[in-house]
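Participant: Protein chains in written order, with this note's numbering: chain A, 27 to 135; chain B, 18 to 129.
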């Protein structure tokens, strides 16, 4: 079977740094993606890691360790607009994505 | 460049009725996916088209769901007859040959 585990909720203050972890157990692994979804909106692609290591895109970074079946999304200099749900998703065979249940991030002033 | 669009944005139907959801992918994207999120659970894969061919339909829950992509452009997902447990948000995504999938805003389906 396929399963991804991520925390259900995280709260942080503006300007802070927050890390959202994701562990996975899947049959077949090609890479780990992160998506952001605001309430009622479309999941928006943030990052994709196929190889071990850290990928940085502006205030957001994503990390992958294939040997540990683990990754994380790091959000720096948090802003109120970062309040949203964040999903990790594993790319298995045939290009389908298997999603985690999402982490709801609340950024407080 | 226009993103993935879906129609309708909301649909409320009664159990036993038929509903057809439409997805227009980003122009030039051969890969088109359907996903759904039921009652706040995780987003689950339904099926994947490459052009007009079904590449993987392993996520389709049962034969009440029928997806088509005639001509390899837009796709439709028909639910017939709809059941209460079909309520949720249905997302469409498309991708070119790379791995990044771009999602549409979703169709919120409510079956009463």
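Backbone N, C-alpha and C fix where the C-beta goes; we use that ideal spot for every residue, glycine too. Predicted, not measured: the structure shown is a model, and the values here were computed from it.
Quick one, which residues of the segment 38-66 of chain B are near chain A if we go by CB-CB under 8 Å, in chain order?
Facilitator: Those residues of the segment 38-66 of chain B that come within reach of chain A (Cβ to Cβ, closer than 8 Å) are 48, 50, 52, 58, 59, 60, 61, 62 and 65.
Participant: Ordered along the chain, which non-local residues of its own chain (more than five positions away) have a Cβ less than 6 Å from that of residue 62 of chain B?
Facilitator: Counting only Cβ-Cβ distances below 6 Å, and skipping sequence neighbours, we find 52 and 76.
Participant: Bridge partners for residue 75 of chain A per DSSP, in chain order?
Facilitator: Residue 75 of chain A is bridged to A:58.
Participant: Do the segment 76-93 of chain B and the segment 26-33 of chain B make contact, defined as three or more Cβ pairs closer than 8 Å?
Facilitator: They do not touch, by the three-pair rule.
Participant: Judging by CA-CA distance, which residue of A:115, A:118, A:123 and A:104 is the nearest neighbour of residue 135 of chain A?
Facilitator: When only C-alpha atoms are compared, the closest one is A:104.
Participant: Starting from the Cα of residue 49 of chain A, find the closest Cα among A:86, A:77 and A:91 and give me that residue.
Facilitator: For the residues A:86, A:77 and A:91, the minimum Cα distance to residue 49 of chain A belongs to A:91.
Participant: Check whether the Cβ of residue 69 of chain A lies closer than 7 Å to any Cβ atom in chain B.
Facilitator: Judged by the 7 Å Cβ criterion, residue 69 of chain A is in contact with chain B.
Participant: Taking only beta carbons into account, state which residues of the segment 93-108 of chain A come closer than 7 Å to chain B, listed in chain order.
Facilitator: From the segment 93-108 of chain A, no residue has a Cβ closer than 7 Å to chain B.
Participant: Just how far apart, CA to CA, sit residue 54 of chain A and residue 40 of chain B?
Facilitator: Going by the C-alpha atoms only, they are around 28 Å apart.
Participant: Can you pull the chain B neighbours of residue 123 of chain A, defined as C-beta to C-beta under 7 Å?
Facilitator: Ordered by position in chain B, the residues that pass the 7 Å Cβ test against residue 123 of chain A are 62 and 118.
Participant: Please state the DSSP three-state secondary structure of residue 83 of chain B.
Facilitator: Correct three-state label for residue 83 of chain B: strand.
Participant: How would you call residue 92 of chain B, buried or exposed, if buried means at least 16 neighbouring beta carbons within 10 angstroms?
Facilitator: Buried, since its Cβ has 16 or more Cβ neighbours within 10 Å.
Participant: Quick one: what's got a C-beta closer than 6 Å to residue 62 of chain A's C-beta in the same chain, skipping five residues either side?
Facilitator: Once the five neighbours on either side are set aside, the close Cβ partners of residue 62 of chain A are 70, 72, 110 and 112.
Participant: Which whole-angstrom value is the C-beta distance of residue 58 of chain A and residue 97 of chain A, which I expect to be below 8 Å?
Facilitator: The pair is a contact, with the Cβ atoms about 4 Å apart (cut-off 8 Å).
Participant: Please classify residue 102 of chain B: does DSSP put it in a helix, a strand, or coil?
Facilitator: DSSP places residue 102 of chain B in helix when its eight states are reduced to three.
Participant: Quick test of your reading: residue 33 of chain A and residue 129 of chain A, contact by CB under 8 Å. State the CB separation rounded to the nearest angstrom.
Facilitator: Yes, they are in contact, since the Cβ atoms of residue 33 of chain A and residue 129 of chain A sit about 5 Å apart, within 8 Å.
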